[in-house]
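J.: Here you go, one structure.
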Amino acid sequence: MGFLDNLFGRKQPTSSSVAKERLLTVLVHDRVHLSPHDMDEMKREIIAVIERYVEVTNPEAIEVTLTRGEATDHLKADIPLGRSRQQ
Amino acid sequence: MAQVITITSGKGGVGKTTTTANLATSLAMQGQRVVAIDADIGLRNLDVVMGLENRIVYDLVDVVEGRCRTRQALIKDKRFPDNLFLLPAAQTRDKDAVTPDDMIALCNELRREFDFILIDSPAGIEGGFKNAIAPADHILIVTTPEMSAVRDADRIVGLVEAYEKSNPKLIINRIKARMVARGDMMDTPDVVEILAIDLVGIVPDDESIVISTNRGEVAVLDRDSMAGKAYNNIANRLLGHDIPFLVLDEKQGLWAQLVNMFRTRR
């Protein structure tokens, strides 16, 4: 329904694209046998290790996600670091 | 020598039995010698979908336990009396009455007399599923474009690999073109991308399936049925013909787009 959506400014994603996103996430977890609980636990440990070496400005902003690639799945961590000017 | 093709899905109710009945009939229409085996012991249904429920004397468990010869348990389809047969499941026993080795031995016996052996797998991933895939040369995974069905299909893809069966093929069933057009049902490329296996057929959601099944007929015998056409195409692909996929888009006019948009806006 392309142009009509644009005309009326409908921005919400379609329910089918929501389904696809949710499925991709669920399937990666199914395939690597990692429960959301274990994922949280792992995230906490990763942050603890990183913090031993560098300053992590906002632990809340850290994103650890499982994503699907062509042949393999990926564990991705996005960790914003503090930018201190002092040497 | 027959090819053994198992139709499976993981989730129940996505159309395995309907798919088995239609593919078996379509292959028989083309002169192939076909036997369809209902491997869903205790929940037999392929007999009803093929309209053969009144003619059952012996069943799969009788054959496996040696109470009759295999030939005696095969029910002739009256529409194709020379080349389409059903081996029904037992209704009063459970899945443990048959083992994967029994199924392999049975199929090896049938291979000599048929071109295609189609096995209708039960839902689930337990014993019945293992029985159904044990003798398979090829596996067809049926799903609908819904999250739960696709998730279960993904699990089956993994199990098929674990049982060292290669290259399962995908059938996407009950596609509602109007819902796809307005973005409320996953489209074929989405499902294929998620499951990452080869597509062998797409079947539209079609009331004619319910009507044919009510009458004990199968949709492939109804020239006006779109689902029947889709199943005939799949059967042709199994025979090695290169058949383009049906175009299921329903062209939407401006008015329909407007109506849909206001209906789905929240």
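Quick mapping for you: the protein sequence lines, in order, are chains H and G. Numbering-wise (our numbering), the first sequence opens with residue 1 and increments by one. Numbering-wise (our numbering), the second sequence opens with residue 1001 and increments by one. C-beta atoms are modelled at their ideal positions from N, C-alpha and C, and glycine is treated no differently. Please read these numbers as outputs of a predicted model, since none were measured by experiment.
1. Identify the contact partners of T67 (chain H) in chain G, using a Cβ-Cβ distance below 9 Å as the criterion.
2. Which value, in whole angstroms, describes the spacing of the CA atoms of R1069 (chain G) and Q1030 (chain G)?
3. Mind checking if D1224 (chain G) is an interface residue toward chain H, Cβ cutoff 7 Å exclusive?
4. From the DSSP output, in three-state form, read off L1248 (chain G) for me.
5. Round the Cβ separation of Q1032 (chain G) and H1138 (chain G) to the nearest angstrom and send it over; I've been treating them as touching at under 8 Å.
6. Could you tell me how far apart the beta carbons of I1175 (chain G) and R1155 (chain G) are, in whole angstroms, since I believe they sit closer than 8 Å?
7. Measuring straight from C-alpha to C-alpha, what distance separates R1265 (chain G) and S1225 (chain G)?
8. Tell me whether the beta-carbon of D1162 (chain G) lies closer than 7 Å to the beta-carbon of L1027 (chain G).
9. How is the beta strand (DSSP E) around D1038 (chain G) delimited, first residue to last?
10. Should N1054 (chain G) be labelled buried (16 or more other beta-carbon atoms within 10 Å of its own) or exposed?
11. Within the 7 Å Cβ cut-off, does T25 (chain H) reach chain G?
12. Tell me which same chain residues have a C-beta within less than 7 Å of the C-beta of G1012 (chain G), skipping the five on either side of it?
13. Do you know offhand how far A1089 (chain G)'s Cα is from M1179 (chain G)'s?
14. Does the beta carbon of G1183 (chain G) come closer than 7 Å to any beta carbon on chain H?
15. Count the other C-beta atoms from every protein chain shown that fall within 10 angstroms of the C-beta of V1191 (chain G), then say buried if there are 16 or more, exposed otherwise.
16. Nearest to G1158 (chain G) by alpha carbon, out of H:D30, H:L23, H:E21, H:K20?
17. List, in order along the chain, the chain H residues whose C-beta lies closer than 8 Å to that of D1115 (chain G)?
18. Is the Cβ of S35 (chain H) closer than 7 Å to any Cβ of chain A?
19. Flag D1190 (chain G) as yes if its beta-carbon sits less than 7 Å from any beta-carbon of chain H, otherwise no.
20. I need the boundaries of the alpha helix (DSSP H) containing P1189 (chain G), first residue and last residue.
21. Determine the chain G residues that contact K43 (chain H) at a beta-carbon separation under 8 Å, and present them in chain order.
22. Give a yes or no on whether the C-beta atoms belonging to A1039 (chain G) and S1166 (chain G) are separated by under 7 Å.
23. Which complete alpha helix (DSSP H) runs does the segment 1082-1154 of chain G hold, if anything under 4 residues is left out?
24. Check the Cβ-Cβ distances between T14 (chain H) and every residue of chain G, and say whether any is below 7 Å.
25. Rounded to a whole number of angstroms, what is the C-alpha to C-alpha distance between G1201 (chain G) and E51 (chain H)?
26. D1062 (chain G): buried (16+ other C-beta within 10 angstroms of its C-beta) or exposed?
27. Please go through the same chain and pick out, in chain order, the residues whose beta-carbon is closer than 6 Å to the beta-carbon of D78 (chain H), but skip the five residues on each side of it.
28. Starting from the beta carbon of R22 (chain H), find every residue of chain G whose beta carbon is closer than 9 Å, and list them in chain order.
29. Show which residues of chain H have a CB atom less than 8 Å away from the CB atom of R1155 (chain G).
30. Let me confirm a value: A71 (chain H) is counted as buried when at least 16 other C-beta atoms fall within 10 Å, else exposed. Which label applies?
31. Could you name the residues of chain H that M1186 (chain G) contacts, counting a contact when the two beta carbons are closer than 9 Å?
32. Can N1173 (chain G) and T1213 (chain G) be called in contact, C-beta distance under 7 Å?
33. Between which two residues does the alpha helix (DSSP H) harbouring E1053 (chain G) extend?
34. Can the beta-carbon of G1051 (chain G) be found closer than 7 Å to that of G1216 (chain G)?
35. If you count every other CB in all the chains shown that lies within 10 Å of the CB of M1 (chain H), and 16 or more means buried, which is it?
36. List the DSSP bridge partners of L81 (chain H).
T.: The answer reads as follows:
1. Neighbours of T67 (chain H) on chain G: none; closest Cβ ~13 Å, over 9 Å.
2. 28 Å
3. no
4. coil
5. With a Cβ gap of about 14 Å, Q1032 (chain G) and H1138 (chain G) do not count as contacting.
6. 21 Å between Cβ atoms; not a contact.
7. Residue placement at R1265 (chain G) is poorly supported in this model, since its pLDDT is 46, which falls under 50; the coordinates still yield a value, given next. Answer to the nearest angstrom: the Cα atoms are 33 Å apart.
8. At residue 1162 (chain G) the sequence reads Ala, which differs from the Asp that was named. Result no, Cβ atoms of A1162 (chain G) and L1027 (chain G) do not sit closer than 7 Å.
9. 1034-1038
10. exposed
11. no
12. A1123
13. 36 Å
14. yes
15. buried
16. H:D30
17. Chain H residues near D1115 (chain G): none, gap ~36 Å exceeds 8 Å.
18. The chain labelled as chain A is not found among the protein chains of the depicted structure, namely H and G.
19. yes
20. 1188-1195
21. Those do not exist, as K43 (chain H) stays about 24 Å from chain G at its closest Cβ, beyond 8 Å.
22. no
23. 1100-1111, 1127-1133
24. yes
25. 52 Å
26. buried
27. E63
28. M1147
29. D30
30. exposed
31. S16, S17, A19, K20, L23
32. no
33. Note, E1053 (chain G): premise wrong, no alpha helix (DSSP H); not H, not E.
34. yes
35. Residue placement at M1 (chain H) cannot be trusted, given a pLDDT of 48 that sits under 50; what the coordinates show is reported in the next sentence. It is buried - the Cβ of M1 (chain H) has at least 16 other Cβ atoms within 10 Å.
36. H:V56
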